[in-house]
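The block underneath contains the structure these notes are about, expressed in structure tokens.
Number of protein chains: 2
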Amino acid sequence: MKLATLDSGSRDGTLMVVDRDLQWAVPVPQIANTLQEALDEWASMAPKLENIYQSLNGGEIEGVALEVEQLAAPLRRAYQWLDGSAYLSHVERVRKARGAEMPPSLWTDPLMYQGGSDHFLGPQEPICVADDAFGVDFEAEVVVITDDVPLGVTPAQARSHIKLLTLVNDISLRNLIPSELAKGFGFVQGKPASALAPVVVTPDELGPAWDGAKVHLPLRTYWNGKLFGEPDAGEDMQFDFPQLISHGAKTRSLIAGTLIGSGTVSNVDWHRGYSCIVERRVMEIIEEGAAVTPFMSYGDRVRIEMQDSQGRSIFGAIEQEMRRC
Amino acid sequence: MKLATLDSGSRDGTLMVVDRDLQWAVPVPQIANTLQEALDEWASMAPKLENIYQSLNGGEIEGVALEVEQLAAPLRRAYQWLDGSAYLSHVERVRKARGAEMPPSLWTDPLMYQGGSDHFLGPQEPICVADDAFGVDFEAEVVVITDDVPLGVTPAQARSHIKLLTLVNDISLRNLIPSELAKGFGFVQGKPASALAPVVVTPDELGPAWDGAKVHLPLRTYWNGKLFGEPDAGEDMQFDFPQLISHGAKTRSLIAGTLIGSGTVSNVDWHRGYSCIVERRVMEIIEEGAAVTPFMSYGDRVRIEMQDSQGRSIFGAIEQEMRRC
Numbered sequence: 001m002k003l004a005t006l007d008s009g010s011r012d013g014t015l016m017v018v019d020r021d022l023q024w025a026v027p028v029p030q031i032a033n034t035l036q037e038a039l040d041e042w043a044s045m046a047p048k049l050e051n052i053y054q055s056l057n058g059g060e061i062e063g064v065a066l067e068v069e070q071l072a073a074p075l076r077r078a079y080q081w082l083d084g085s086a087y088l089s090h091v092e093r094v095r096k097a098r099g100a101e102m103p104p105s106l107w108t109d110p111l112m113y114q115g116g117s118d119h120f121l122g123p124q125e126p127i128c129v130a131d132d133a134f135g136v137d138f139e140a141e142v143v144v145i146t147d148d149v150p151l152g153v154t155p156a157q158a159r160s161h162i163k164l165l166t167l168v169n170d171i172s173l174r175n176l177i178p179s180e181l182a183k184g185f186g187f188v189q190g191k192p193a194s195a196l197a198p199v200v201v202t203p204d205e206l207g208p209a210w211d212g213a214k215v216h217l218p219l220r221t222y223w224n225g226k227l228f229g230e231p232d233a234g235e236d237m238q239f240d241f242p243q244l245i246s247h248g249a250k251t252r253s254l255i256a257g258t259l260i261g262s263g264t265v266s267n268v269d270w271h272r273g274y275s276c277i278v279e280r281r282v283m284e285i286i287e288e289g290a291a292v293t294p295f296m297s298y299g300d301r302v303r304i305e306m307q308d309s310q311g312r313s314i315f316g317a318i319e320q321e322m323r324r325c
Numbered sequence: 001m002k003l004a005t006l007d008s009g010s011r012d013g014t015l016m017v018v019d020r021d022l023q024w025a026v027p028v029p030q031i032a033n034t035l036q037e038a039l040d041e042w043a044s045m046a047p048k049l050e051n052i053y054q055s056l057n058g059g060e061i062e063g064v065a066l067e068v069e070q071l072a073a074p075l076r077r078a079y080q081w082l083d084g085s086a087y088l089s090h091v092e093r094v095r096k097a098r099g100a101e102m103p104p105s106l107w108t109d110p111l112m113y114q115g116g117s118d119h120f121l122g123p124q125e126p127i128c129v130a131d132d133a134f135g136v137d138f139e140a141e142v143v144v145i146t147d148d149v150p151l152g153v154t155p156a157q158a159r160s161h162i163k164l165l166t167l168v169n170d171i172s173l174r175n176l177i178p179s180e181l182a183k184g185f186g187f188v189q190g191k192p193a194s195a196l197a198p199v200v201v202t203p204d205e206l207g208p209a210w211d212g213a214k215v216h217l218p219l220r221t222y223w224n225g226k227l228f229g230e231p232d233a234g235e236d237m238q239f240d241f242p243q244l245i246s247h248g249a250k251t252r253s254l255i256a257g258t259l260i261g262s263g264t265v266s267n268v269d270w271h272r273g274y275s276c277i278v279e280r281r282v283m284e285i286i287e288e289g290a291a292v293t294p295f296m297s298y299g300d301r302v303r304i305e306m307q308d309s310q311g312r313s314i315f316g317a318i319e320q321e322m323r324r325c
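Same order as they appear, the protein sequences are chains Y and E.
Counted the way UniProt numbering counts, the first sequence spans residues 1 to 325.
Counted the way UniProt numbering counts, the second sequence spans residues 1 to 325.
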């Protein structure tokens, strides 16, 4: 099942069921007005939404043409966004860029931060930045959305709480981050609003690419129309999603609609390219002695997308332009 | 105006107007079902709620008796919780306890972290902890709630965005925090769900104690029935609320219903006592060579309250017991 949110003028938009090929959409206010409402009562809502989905795919009901530019983020306001950093080749390279060490504990204790969840950008909303000297970078990630997760959930138990998946562009302001991290309190200014992909999908949509814990497909990032990276999201992920959920729920429950991010998808093999600019800059320093690639400029575009083994877009594409605000 | 949320069985509870003396309450579903709904349209909702409040105080309408044990947090689910750490005597003492330095930048650059906002505890909900070896501590704070705050708001502009105030118990697990802070990514496991006071109030309820930026009243914390501290929230606050809001909004807008915390209220003069246990422990180390006071134990109770100059409770009391879960 695939779901999206129409930007209908209200704060949370209008929930829609979208067909498998991302061509047609059906608003479903008779079931739930918003994705959060559906997640609040997922056990009873999901079968009703699934029926609409099957009818839409089967041509038994007619949808309206899906216009991606009219979509809000599937969850425009969320109550929680916990972003892991599960690909240690990303962690290692970003730390190298900051001149920071890679303590051995990071192999067993996940990095995770509480992100701003009050405003997710839609898939085509611009990245608005007041000053391009902030060092604007994209970060392409996979994210899961849970139902209510009890405190102390184990990784094995956490699997059944993964209800939906999508992609996120976790935009980062590289030049503001070092001083924030030095304070220890995480990111406030260094991470502006993140963008979500056009649709969220249930795990069954991924077929064999979803093993219950990781997504075994490449995640493609394009910068100004050129492929920048296509690392495999199923490789080199040191902590899988159930482990990340368990980490987040060690001392508190997580409410339905919690987003858990993978962290920037990154492979040890750098020939796959990168899901963020800073990793390329670090490799340039190592290979050539200096970073050559600049961060994003006003007018730059980033596109993030994941295709299935037949080349069909699973979540639709995040496609954002950077603008001055 | 004072507002509370009845725990009516739904996820967000039911909004109620409460009289000035915290005796009577009137559910107001005809105006807004929840506090978030009211905050979403505050400019039009606030006058309607204020009318009910005046009628209730004037005895023109009858309320039901306010039962604090039936209250949920005023905002049980919130989209954003940004907690500052504006009292530097607290910061300095907590850092001493961890053996950490106090860099001079902390006098000009506020400490702030993104907290978990998906589940605020009601004023009498227990503090549930799986293991008392986590080092359970209370932290008594003042918090403001904003309407929509635009990106880049200045401190002067931020004043008008403060719509409501209340108290928070920002429960902290001291023995989990050092390793989290060392990672730089802020608190995930070290800060379980925080509790809010019974009611939120509009700034005018504070009279001359509110200067538009700080609350000039003592905040009293009782531990197992004994006064533990009564520092003045208006003294030694290095960054006032408008400055904290401006800091949080430097690179992103903040949505209506954002909570901004003061950090643990603390005075340089330690004879006023403390709003958290760790500060007393540090002073014991300095004065006596070793920390004597333990952290909270199962069955312990903490009470946090602020009275006006006539001794009337402004927000009602947070009163929590620590339990094993």
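Every residue gets a Cβ at the ideal spot worked out from N, C-alpha and C, and that includes glycine.
Nothing here was measured: the structure is a model prediction, and the numbers come from that model.
In angstroms, rounded to a whole number, what distance separates the CA positions of residue i and residue j?
i: valine 142(Y); j: glutamate 279(E); result: 41 Å
i: glutamate 235(E); j: cysteine 325(Y); result: 36 Å
i: phenylalanine 295(Y); j: glutamate 284(Y); result: 13 Å
i: valine 292(Y); j: isoleucine 286(Y); result: 11 Å
i: phenylalanine 120(E); j: leucine 15(Y); result: 27 Å
i: proline 218(E); j: leucine 181(E); result: 30 Å
i: alanine 323(E); j: valine 268(Y); result: Per the sequence presented here, residue 323(E) reads as arginine, with alanine not at that position. Straight-line Cα distance between these residues: approximately 45 Å.
i: leucine 173(Y); j: proline 192(Y); result: 8 Å
i: serine 253(Y); j: alanine 195(E); result: 14 Å
i: proline 178(E); j: alanine 290(E); result: 19 Å
i: glutamate 205(E); j: aspartate 12(E); result: 25 Å
i: glycine 299(E); j: isoleucine 277(E); result: 16 Å
i: glycine 152(E); j: glycine 135(E); result: 38 Å
i: arginine 93(Y); j: valine 282(Y); result: 6 Å
i: glutamine 54(E); j: aspartate 147(E); result: 22 Å
i: proline 150(E); j: histidine 161(E); result: 10 Å
i: alanine 133(E); j: serine 117(Y); result: 31 Å
i: glycine 186(E); j: lysine 2(E); result: 33 Å
i: alanine 100(Y); j: lysine 183(Y); result: 14 Å
Please identify the residue among the options whose C-alpha is closest to the C-alpha of residue i.
i: isoleucine 127(Y); options: Ser117(Y), Thr258(Y), Asp109(Y) and Phe138(Y); result: Phe138(Y)
i: glycine 261(Y); options: Glu319(Y), Ser246(Y) and Arg252(Y); result: Ser246(Y)
i: residue 326(Y); options: Ile314(Y), Gln307(Y) and Ala233(Y); result: In the structure as shown, chain Y begins at 1 and stops at 325. Residue 326(Y) is therefore absent and cannot be evaluated.
i: aspartate 170(E); options: Glu92(E), Ala100(E), Val28(E) and Leu82(E); result: Leu82(E)
i: serine 297(Y); options: Pro104(Y), Trp223(Y), His271(Y) and Thr264(Y); result: Trp223(Y)
i: alanine 73(Y); options: His216(Y), Met112(Y), Leu259(Y) and Tyr53(Y); result: Leu259(Y)
i: aspartate 109(E); options: Gln238(E), Thr166(E) and Ser179(E); result: Gln238(E)
i: glutamine 310(Y); options: Ala209(Y), Val188(Y) and Arg281(Y); result: Ala209(Y)
i: alanine 256(Y); options: Glu101(Y), Trp42(Y) and Gln114(Y); result: Trp42(Y)
i: tyrosine 113(E); options: Gly248(E), Val302(E) and Arg301(E); result: Gly248(E)
i: leucine 165(E); options: Leu39(E), Val302(E), Glu67(E) and Glu321(E); result: Leu39(E)
i: leucine 176(Y); options: Glu67(Y), Val282(Y) and Arg98(Y); result: Arg98(Y)
i: leucine 167(Y); options: Pro150(Y), Val215(Y) and Asp131(Y); result: Val215(Y)
i: threonine 34(Y); options: Val17(Y), Pro47(Y) and Asp21(Y); result: Val17(Y)
i: threonine 264(E); options: Gln54(E), Phe187(E) and Ser89(E); result: Ser89(E)
i: glutamate 69(Y); options: Val149(Y), Ala133(Y), Asp211(Y) and Gly122(Y); result: Gly122(Y)
i: glutamate 31(Y); options: Lys48(Y), Arg20(Y) and Leu22(Y); result: The question names glutamate, yet the displayed sequence has isoleucine at residue 31(Y). Of the listed residues, the one whose Cα sits closest to isoleucine 31(Y) is Lys48(Y).
i: valine 64(Y); options: Val282(Y), Asp19(Y), Gln54(Y) and Glu101(Y); result: Asp19(Y)
i: aspartate 308(E); options: Ser44(E), Pro203(E), Glu125(E) and Trp107(E); result: Pro203(E)
i: glycine 212(E); options: Gln189(E), Arg220(E) and Lys163(E); result: Lys163(E)
Any 3 or more C-beta pairs closer than 8 Å across the region 242-258 of chain Y and the region 156-164 of chain Y: yes
Cβ pair count under 8 Å reaching 3, the region 53-61 of chain Y against the region 130-144 of chain Y: no
Cβ-based contacts, 9 Å cut-off: residues of the region 180-207 of chain Y near chain E: Glu180, Leu181, Ala182, Lys183, Gly184, Phe185, Gly186, Phe187, Val188, Gln189, Gly190, Lys191, Pro192 and Ala193
At least 3 beta-carbon pairs within less than 8 Å: the region 214-228 of chain Y vs the region 78-85 of chain Y: no
Minimum length 3: unbroken beta strand (DSSP E) runs contained in the UniProt domain "Fumarylacetoacetase N-terminal" (1-77) of chain E: 2-6, 14-18 and 24-27
Inter-stretch contact at 8 Å, needing at least 3 Cβ pairs: the region 1-11 of chain E / the region 21-34 of chain E: yes
Meets three-Cβ-pair contact criterion under 8 Å: the region 306-317 of chain Y and the region 194-202 of chain Y: Judged by Cβ distances under 8 Å, the region 306-317 of chain Y makes contact with the region 194-202 of chain Y, as three or more pairs qualify.
Segments assigned beta strand (DSSP E), at least 3 residues, entirely inside the region 79-106 of chain E: 81-84
Interface residues of the region 110-126 of chain E facing chain Y [CB-CB below 8 Å]: Within the region 110-126 of chain E, the residues whose Cβ lies closer than 8 Å to some Cβ of chain Y are Leu111, Met112, Tyr113, Gln114, Gly115, Gly116, Ser117, Asp118 and His119, listed in chain order.
Length at least 3, wholly inside the region 212-239 of chain E: the beta strand (DSSP E) runs in chain order: Fully enclosed beta strand (DSSP E) runs of 3 or longer: 220-223 and 226-229.
Short-range partners of chain E found in the UniProt domain "Fumarylacetoacetase N-terminal" (1-77) of chain Y, where Cβ spacing is below 8 Å: Arg11, Asp40 and Arg77
Uninterrupted alpha helix (DSSP H) stretches inside the region 238-306 of chain E (no shorter than 4 residues): 241-248 and 277-288
Contained beta strand (DSSP E) runs [length at least 3] in the region 150-181 of chain E, N- to C-terminal order: 162-169
Against chain E: residues of the region 252-267 of chain Y by CB proximity under 7 Å: Arg252, Ser253, Leu254, Ile255 and Thr258
Members of the region 132-155 of chain Y near chain E, C-beta cut-off 8 Å: Phe134, Leu151 and Gly152
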